[in-house]
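A.B. asks: My structure is below; once you've seen it, I'll send some questions.
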Amino acid sequence: MALLLKNARAIDPACGLDDVCDILIRDGRIVEVGRGLALGKGVARDLAGKIVVPGLVDMHVHLREPGQEQKEDIASGSRAAARGGFTAVCCMPNTTPVIDSAAQVRFVAERAAAVAKCRVHVAGACTQGLKGDTLSEMGDMAAHGAVAFTDDGRGIQSSGMMRLVLDYASMFGKAVMVHCQDEGLVGAGQVNEGVASTRLGLLGWPAEGEELEIARDIALARLTGCPLHIQHITTLRGLDMVRAAKAEGLPVTCEVTPHHLFLTEDDITDDYNTALKVNPPLRTAADAAGLLEGVADGSIDCIASDHAPHAAWEKDCEFEVAAFGMTGLETALALVLTKLVGGGLIDYARMVELMAVNPRRVLRLDPVGIAAGSVADLTVIDPDAAWTVDRCGFASKAANSAFIGMELTGRAHDVYVGGYATMEEGVIVE
Amino acid sequence: MAFSHKHLIDISEYSADDIMLVLELAVKFKEVNERTIKKVPTLKGFTVINMFNEPSTRTRSSFELAEKRLSCDSLNFGGSSTSAVKGESLVDTIETLNSYKVDMVVVRDKHAGVPRLIAKHVDASVIDAGDGKHQHPTQALLDLYSIWERFGRLEGLHVGIVGDIGHSRVCGSLIPALKTMGCTVTVIAPPTLLPARPDVLGADFVSSAIEAVLPELDVVYMLRIQRERLEGAPYPSLREYNLLFGLTRERERLMRPDALVCHPGPINRGVELDSYMADHPQRSVILDQVYAGICTRMAILCLLLGGSDDGLTA
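Here is the structure:
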């Protein structure tokens, strides 16, 4: 099976490519990149006006299977990924039961092989049951394909336990990804502590509850040498700590979500819109501005959606009762294109670093590029597509997005995984 | 008169004129409450649901009495009879209430924002009778009434609020309402009982030294201190709280001659107030506040539902 993608502008910062050219794909791999390529037998597609980039990876998603299929499952979540332009995702282990053993890792991998529309990489739990008190079998999970370890959804409260996790994980050459949340400071916090918590009469979730654990975990990365990845960073001071760690040469990386870049605590009005209830919470406008700067200057490595689908009834209730999290797979790329690339803050090459190159690096995946020999995982972007985020337009089972109604420019047009289309012209290929 | 509100949910949506309209109408209802027969047909034919999803005796009975004296039909809904006990979502419960075709929902809930959620799902008017740690606007109205009745004005008064500001829905409404009426507000509390940003509520000054502030105040508004377990409590003991923040007989000498003492009730005698101050014949308006609760609630029910003024003028 051969495929020829013609006349798209191909951008791959890893090999310095930014040119209109043709890409010839055979048996799942790119065999030639150049001008005026011809194809004997196979499918040729004219992609004039489109942009083709190495397949995007969302390194932080919740696919909810097993056990929480009312929110999402691997079939629906991976279709949401394809619709959003992603060729691969990394799913978090806070399912029911928790993905804390090789059997659970294999379950997800096997379900994905059967039903998914993107590559599904699995992050295993650091501690059994995400309880923060006993190491999980990270070695066995790594042997069965886990790409990283995390207790995402909660912070590991004991510094001693966290040290044990990093020390133990360091022998597998995988990153430990941390959700930084000090329970003593955060407790039942609902929104950023400060203006929002006071105005809304809700318990505050202080920035320091995140920053303390970032500081601690960086110190422990220094002590253990284990690669540390800070998940969904939200504060300016937290980012400054990451900057300092990088300057010191520590193996520390971080990611930011589109909602922490483009929304703030000020968006939570007297309306108590539960779509805006996320963990960690939306912070101040100054924090969001600082994060944008970090995206542009390279101190933030990755943009990840923290796609957190919930059933309608889990959000259509009292703010304090509502589940934390919002979906993101189907809006992340378009938000980045509209607000960051369209806004002139970053260029396409930087977007590719943030959403394809760096996530693969953090997850220790093989690089994917637009060059002969690379696996043909490609995302084709229509940079001019103007569209409105529609509650009824999601491939995800869930619609808990705070971006519904927003007008965006640019979105994924086609997605190829291993040379096969998972989405063509905006339609999932079944 | 131009009263255009459908709900009373966020007191900061009410202008000084709106609030004065409520207070002035409350004067008329006070006159009704002085009569032998304390009932007027003002809201005859209207249906009100009192949806109290967390325990409340005072606010609930005050609303019930106000409704009965206005001749409306009211129904109590909540407590152990709530469908939440059976696992029904609040939204479904609200939709059910809406199908009853009621005119007004008075709601108390332990979660902030519930009155707004209800207003989104019902055609009826909604009064927030206290939502979580957020707001309690009718408490603010009755407080304003009690202060206004004594001073004959609100503008220019300096009100000090002492106690658990951070977890107080009373403050969530009272501070913005006092600011709307032109008062100066100082909040007085240990830092452990302050919200993150008192200025966001409208507080002009923050202090943790009650004795330094008392001489400046026209009104000393004492909040109830929760008698919670001491482990992790925001103060070491009730005794020390009383020592540092209690309004005591000894501290009275620091007060202005005409300064008032308010408290939303119920009082913890010996904690925030000693009995001498709680029962002070000239200064304490605590029971006037309770009475004002009936009168101002009759006024706001009447304004929101737009009843006739039958029987109001004797």
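The listed protein sequences correspond, in order, to chains A and B.
So for the first sequence, the working numbering puts the first residue at 1; every next one is plus one.
So for the second sequence, the working numbering puts the first residue at 431; every next one is plus one.
Glycine is no exception: its CB is placed at the ideal position from the N, C-alpha and C atoms.
Every value quoted in this text rests on a predicted model; they were computed, and no experiment measured them.
Name, please, each residue of chain A whose Cβ falls closer than 9 Å to the Cβ of residue 542(B).
C.D. replies: For the purposes of this step, residue 542(B) is identified with residue 112 of the second sequence, where counting begins at 1. Result: 190, 200, 201, 202, 272, 318, 319 and 320.
A.B. asks: If we count the other Cβ atoms within 10 Å of its Cβ and call it buried at 16 or more, is residue 511(B) buried or exposed?
C.D. replies: The sequence position of residue 511(B) within the second sequence is 81, counting from 1. Because residue 511(B) sits at a pLDDT of 49, beneath the cut-off of 50, its placement in the model cannot be relied upon, and the following sentence gives the value as read from the coordinates. Flag for residue 511(B) reads exposed.
A.B. asks: Would you verify that the beta carbon of residue 521(B) is, or is not, closer than 8 Å to some beta carbon of chain A?
C.D. replies: Here residue 521(B) is taken as the residue at index 91 of the second sequence, counted from 1. It does; some Cβ of chain A falls within 8 Å.
A.B. asks: Where do the ends of the alpha helix (DSSP H) carrying residue 567(B) lie?
C.D. replies: Here residue 567(B) refers to the residue found at position 137 when the second sequence is read from its first residue. Segment 567–581, the alpha helix (DSSP H) holding residue 567(B).
A.B. asks: Run down chain A in chain order and give the residues with a C-beta less than 7 Å from the C-beta of residue 710(B).
C.D. replies: Here residue 710(B) corresponds to residue number 280 of the second sequence, with the count starting at 1. Within 7 Å Cβ-Cβ: nothing; residue 710(B) doesn't reach chain A, min ~31 Å.
A.B. asks: State the Cα-Cα distance for the pair residue 94(A) and residue 403(A), rounded to the nearest angstrom.
C.D. replies: On the first sequence, residue 94(A) is found 94 positions in, with the first residue counted as 1. On the first sequence, residue 403(A) is found 403 positions in, with the first residue counted as 1. Spanning the two alpha carbons is a distance of roughly 25 Å.
A.B. asks: Near residue 556(B), what residues of its chain come up, given a Cβ to Cβ distance below 7 Å and the 5 sequence neighbours on each side ignored?
C.D. replies: Your numbering for residue 556(B) matches position 126 in the second sequence. If we look at residue 556(B) and ignore the five residues flanking it on each side, its Cβ neighbours are 437, 439, 535, 537, 545, 548 and 549.
A.B. asks: Given this structure, state the Cα-to-Cα distance separating residue 51(A) from residue 91(A), to the nearest angstrom.
C.D. replies: For this step, residue 51(A) is matched to residue 51 along the first sequence. For this step, residue 91(A) is matched to residue 91 along the first sequence. In a straight line, the C-alpha of residue 51(A) is about 27 Å away from that of residue 91(A).
A.B. asks: Could you check the C-alpha separation between residue 605(B) and residue 575(B) for me, to the nearest Å?
C.D. replies: Locating residue 605(B) in the second sequence gives position 175, where the first residue counts as 1. Locating residue 575(B) in the second sequence gives position 145, where the first residue counts as 1. Answer to the nearest angstrom: the Cα atoms are 14 Å apart.
A.B. asks: Determine, for residue 210(A), whether the minimum Cβ-Cβ distance to residues of chain B falls below 8 Å.
C.D. replies: Position 210 of the first sequence, counted from the start, is the residue given in the question as residue 210(A). Chain B, which has no Cβ nearer than 8 Å to the Cβ of residue 210(A), makes this no.
A.B. asks: Please state the DSSP three-state secondary structure of residue 511(B).
C.D. replies: For the purposes of this step, residue 511(B) is identified with residue 81 of the second sequence, where counting begins at 1. With a pLDDT of 49 at residue 511(B), under the threshold of 50, the modelled position of that residue is not reliable, and the figure given next carries that caveat. Reduced to three states, the DSSP call for residue 511(B) is helix.
A.B. asks: Whole angstroms is fine: what's the gap from residue 434(B)'s alpha carbon to residue 264(A)'s?
C.D. replies: For this step, residue 434(B) is matched to residue 4 along the second sequence. For this step, residue 264(A) is matched to residue 264 along the first sequence. Rounded to whole angstroms, residue 434(B) to residue 264(A) spans 32 Å at the Cα level.
A.B. asks: Comparing the C-beta of residue 565(B) with each C-beta of chain A, is any distance below 8 Å?
C.D. replies: For this step, residue 565(B) is matched to residue 135 along the second sequence. With 8 Å as the cut-off, residue 565(B) counts as an interface residue toward chain A.
A.B. asks: Is it buried or exposed, residue 392(A), if we count other Cβ atoms within 10 angstroms and call 16 or more buried?
C.D. replies: Stepping through the first sequence from its first residue, residue 392(A) is reached at position 392. Per the 10 Å Cβ criterion, exposed.
A.B. asks: Three-state secondary structure (DSSP) at residue 259(A)?
C.D. replies: Working through the first sequence from its first residue, we reach residue 259(A) at position 259. Three-state result, residue 259(A): helix.
A.B. asks: Which whole-angstrom value is the C-beta distance of residue 707(B) and residue 682(B), which I expect to be below 8 Å?
C.D. replies: Taking the second sequence and counting its residues from 1, the one referred to as residue 707(B) is at position 277. Taking the second sequence and counting its residues from 1, the one referred to as residue 682(B) is at position 252. Yes, residue 707(B) and residue 682(B) are in contact; Cβ-Cβ is about 7 Å, under 8 Å.
A.B. asks: Which residues, in order along the stretch 357–369 of chain A, keep a beta-carbon less than 7 Å from a beta-carbon of chain B?
C.D. replies: Within the stretch 357–369 of chain A, no residue qualifies.
A.B. asks: So, for residue 608(B): in the same chain, excluding its five sequence neighbours on each side, which residues have a beta-carbon less than 7 Å away from its beta-carbon?
C.D. replies: On the second sequence, residue 608(B) is found 178 positions in, with the first residue counted as 1. Here the set comprises 589 and 615.
A.B. asks: With DSSP as the reference, please indicate the residues paired to residue 691(B) in a beta bridge.
C.D. replies: Indexing the second sequence from 1 puts residue 691(B) at position 261. Beta-bridge pairing links residue 691(B) to 650(B) and 714(B).
A.B. asks: Any idea what DSSP makes of residue 501(B), helix, strand or coil?
C.D. replies: Position 71 of the second sequence holds residue 501(B). Note: residue 501(B) maps to coil in three-state DSSP.
A.B. asks: In terms of residues, what are the limits of the alpha helix (DSSP H) holding residue 523(B)?
C.D. replies: Along the second sequence, read from residue 1 onward, the residue named residue 523(B) stands at position 93. Where residue 523(B) is concerned, the enclosing alpha helix (DSSP H) stretches over 520–529.
A.B. asks: Would you list the one or two residues that DSSP bridges to residue 254(A)?
C.D. replies: Taking the first sequence and counting its residues from 1, one reaches residue 254(A) at position 254. Its beta-bridge partners are 230(A).
A.B. asks: Report the CB separation of residue 179(A) from residue 217(A) in whole angstroms; it is logged as a contact under 8 Å.
C.D. replies: Residue numbering aside, residue 179(A) sits at position 179 when the first sequence is read from its first letter. Residue numbering aside, residue 217(A) sits at position 217 when the first sequence is read from its first letter. Actually they do not touch by this definition, with Cβ atoms about 10 Å apart.
A.B. asks: At the 8 Å Cβ level, is residue 627(B) part of the contact set with chain A, yes or no?
C.D. replies: Taking the second sequence and counting its residues from 1, one reaches residue 627(B) at position 197. Yes, residue 627(B) counts as interfacial toward chain A.
A.B. asks: Under the three-state reduction of DSSP, which class applies to residue 305(A): helix, strand or coil?
C.D. replies: As a first step, residue 305(A) must be located in the first sequence, where it is residue number 305. Note: residue 305(A) maps to coil in three-state DSSP.
A.B. asks: Near residue 406(A), which residues of its chain fall below 6 Å by C-beta distance, leaving aside the five closest residues on each side in sequence?
C.D. replies: Working through the first sequence from its first residue, we reach residue 406(A) at position 406. Excluding sequence neighbours, residue 406(A) sits near 389.
A.B. asks: Just verifying my parser: in three-state terms, what is the DSSP assignment at residue 645(B)?
C.D. replies: To locate residue 645(B), count along the second sequence from 1; it is residue 215. Residue state, collapsed to three classes: helix.
A.B. asks: What is the rounded straight-line gap between the Cα of residue 155(A) and the Cα of residue 735(B)?
C.D. replies: Here residue 155(A) corresponds to residue number 155 of the first sequence, with the count starting at 1. Here residue 735(B) corresponds to residue number 305 of the second sequence, with the count starting at 1. When rounded, the distance between both Cα atoms is 50 Å.
A.B. asks: Taking the continuous beta strand (DSSP E) assigned at residue 606(B), which residues delimit it?
C.D. replies: Here the question's residue 606(B) lines up with position 176 in the second sequence. Residue 606(B) -> not in any beta strand (DSSP E); alpha helix (DSSP H) instead, spanning 599–610.
A.B. asks: With distances taken from CA atoms, which of 100(A), 113(A), 148(A) and 245(A) is nearest residue 132(A)?
C.D. replies: Here residue 132(A) refers to the residue found at position 132 of the first sequence. The option with the nearest alpha carbon to residue 132(A) is 100(A).
A.B. asks: If residue 430(A) and residue 562(B) are in contact, beta carbons under 8 Å, what's the gap, nearest whole angstrom?
C.D. replies: The residue you call residue 430(A) lines up with position 430 of the first sequence. The residue you call residue 562(B) lines up with position 132 of the second sequence. Rounded, the Cβ-Cβ distance is 47 Å, inconsistent with contact.
A.B. asks: Just curious, the beta strand (DSSP E) that residue 551(B) is in, first and last residue?
C.D. replies: Indexing the second sequence from 1 puts residue 551(B) at position 121. Residue 551(B) -> not in any beta strand (DSSP E); alpha helix (DSSP H) instead, spanning 544–551.
A.B. asks: Measure from the alpha carbon of residue 657(B) to the alpha carbon of each residue in 670(B), 710(B) and 454(B), then state which is nearest.
C.D. replies: Reading the second sequence from its first residue, position 227 is the one you call residue 657(B). The candidate whose alpha carbon is nearest that of residue 657(B) is 670(B).
A.B. asks: Against chain B, with Cβ distances strictly below 8 Å, would residue 183(A) count as a contact?
C.D. replies: In the first sequence, the residue the question calls residue 183(A) occupies position 183. Not one chain B Cβ lies under 8 Å of residue 183(A).
A.B. asks: Give the straight-line distance between the Cα atoms of residue 600(B) and residue 490(B), rounded to the nearest whole angstrom.
C.D. replies: Indexing the second sequence from 1 puts residue 600(B) at position 170. Indexing the second sequence from 1 puts residue 490(B) at position 60. Going from the Cα of residue 600(B) to the Cα of residue 490(B) covers about 15 Å.
A.B. asks: Could you give the residue range of the alpha helix (DSSP H) that holds residue 160(A)?
C.D. replies: Here residue 160(A) refers to the residue found at position 160 of the first sequence. 159–169 is the extent of the alpha helix (DSSP H) around residue 160(A).
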